[in-house]
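Asker: Sharing a structure with you now.
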Amino acid sequence: RTALIFCYHLKKTTAESHRMLVEAYGEHALGKSQCFEWFKKFKRGDF
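Mapping of the sequence shown onto UniProt numbering: residues 1 to 47, in sequence order.
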């Protein structure tokens, strides 16, 4: 979650953020759909 909040504040798209997580964490990264769900929460102000 913290890494996604960081990406969100950097104005990265959800897809860009997911690619960065996969690059950093490989198979242990969140799935793309999970990233989209978190970004929806962030856009509502739910951090």
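By construction, the Cβ of each residue, glycine as well, lies at the ideal position given by its N, Cα and C atoms.
Considering only residues of the same chain and omitting the five flanking positions on each side of cysteine 7, which have a CB-CB separation below 6 Å?
Answerer: By one-based count along the sequence shown, residue 7 stands at place 7. Only Ser17 meet the Cβ criterion.
Asker: From the DSSP output, in three-state form, read off arginine 44 for me.
Answerer: The count along the sequence shown starts at 1 and reaches residue 44 at position 44. Of the three classes helix, strand and coil, the one that applies to arginine 44 here is coil, per DSSP.
Asker: Rounded to a whole number of angstroms, what is the C-alpha to C-alpha distance between threonine 14 and glycine 45?
Answerer: Position 14 of the sequence shown, counted from the first residue, corresponds to residue 14. Position 45 of the sequence shown, counted from the first residue, corresponds to residue 45. Rounded to whole angstroms, threonine 14 to glycine 45 spans 16 Å at the Cα level.
Asker: Just the Cα atoms here: how many angstroms apart are leucine 10 and threonine 2?
Answerer: Within the sequence shown, the letter at position 10 stands for residue 10. Within the sequence shown, the letter at position 2 stands for residue 2. Rounded to whole angstroms, leucine 10 to threonine 2 spans 13 Å at the Cα level.
Asker: Using the Cβ count rule (16 or more neighbours within 10 Å means buried), how would you classify phenylalanine 47?
Answerer: The sequence position of residue 47 within the sequence shown is 47, counting from 1. Phenylalanine 47 is exposed by the Cβ-count criterion.
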